[in-house]
Amino acid sequence: MKTRRFARSASFLTALLSAPIAAQGSDLHLPDITAEIVQGWTRADGSMVGALRISMAGGWKTYWRTPGDGGIPPRMDWSQSRNLKGMSAVWPAPEVFVDNGMTSFGFVDELMLPLIVTPRKNGREVELNGFLQIGVCKEVCIPYSLDVSGSLDPSQTKIVAPIAAAMAEQPYSAKEAQVRKVSCRIAPSDDGLAVSAVIDMPSTGGREFAIIETTNPELWVQEAFVTREGSQLTVTSDVIHVEQAPFFLQRSDMTITVIGTDYAVEIEGCQAG
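In case it helps, mature numbering (1 follows the signal peptide of the UniProt record, and there is no 0) puts the sequence shown at residues -25 to -1, 1 to 248.
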């Protein structure tokens, strides 16, 4: 297993970081970040479970699949892999960070990201070759790129505890969290569409945050505003097209993740209301 790291172009870094660096008056020191493929196990249907582990020394953090307004979204390209038919990531519930009035979601020191891998040919090794583009933050935030490679051995069938633990940290489903009803209103706004979701569900503990995601990568969802009255949680946000083009938003294409101090819940779709 190997990893190679490098920063993006100086011009992009300068544009992104000029304000934070000027405020600190110090030189930029790149963090010590490594990535590796972790061997997992083969399931009865021939699919394989592995993981991508990103390690960050010294209190650096990286971001969840939807980072929030204060983060940089991760991008992963596995197209150079061998014997790979399909892959899905099982994202653990993230931590919530509030810095200078901006909210972001991610992981400190380490991200163990379970991967469900479907081989083209069952029973044969899968060689994973990935190009990762992530954001990392400490006192400043920078985009960071890594190459990572590793193989998954199909003969391994024993469950690997650290990967299983990371899978167990994924948000609960709506059913598991006893979500009773989810209704959404969608209306035109100045820049796109305004979404208001009313969720009948138990509290997830403490101050609650919410993330709205869509299946359209061209849509940007602003930071959600969350209020609770009894069993009803209200989540509101604006959805904007990145090129300011007209768009249509289906309720079934939305995912709402609610994060509290006790646990997180992932809700797929909502009803008109």
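Where a beta carbon is used, it is the ideal one built from N, C-alpha and C, also for glycine.
Item: Could you tell me the distance, in whole angstroms, from the CA atom of R18 to the CA atom of P94?; Value: 12 Å
Item: Count the other CB atoms, across all protein chains shown, that sit within 10 Å of the CB of K150; report buried if there are 16 or more and exposed otherwise.; Value: exposed
Item: Based on DSSP bridge pairs, tell me the residues matched to E102.; Value: R57 and S126
Item: Leaving out the 5 sequence neighbours to the left and right, which residues in its chain are closer than 8 Å to T179 when beta-carbon positions are compared?; Value: A152, V233, I234, G235, T236, D237, Y238, A239 and V240
Item: Could you check which residue in D166, S171 and V154 has the C-alpha nearest to that of R160?; Value: S171
Item: Counting C-beta neighbours from all protein chains within 10 Å, is the total for T202 16 or more, i.e. buried, or is it exposed?; Value: exposed
Item: Buried or exposed for P49, going by 16 or more other Cβ atoms inside 10 Å?; Value: buried
Item: Can you tell me which of the three DSSP states D52 falls into?; Value: strand
Item: I think E100 touches L127, with their Cβ atoms under 8 Å apart; what is that distance to the nearest whole Å?; Value: 7 Å
Item: Do you know offhand how far L90's Cα is from Y119's?; Value: 21 Å
Item: Would you kindly work out how many angstroms separate the C-alpha atoms of E114 and M77, rounded to a whole number?; Value: 14 Å
Item: Would you decide whether A(-3) is buried or exposed? Buried here means 16 or more other CB atoms lie within 10 Å of its CB.; Value: Note that A(-3) scores 29 on pLDDT, short of 50, meaning its location in the model is unreliable; the coordinates nonetheless yield the value given after this. Flag for A(-3) reads exposed.
Item: For the structure I just gave you, are there three or more beta carbon pairs, one from the stretch 18 to 27 and one from the stretch 129 to 139, closer than 8 Å?; Value: yes
Item: CA-CA distance, R182 and L208?; Value: 11 Å
Item: P94 by DSSP, collapsed to three states: which one?; Value: strand
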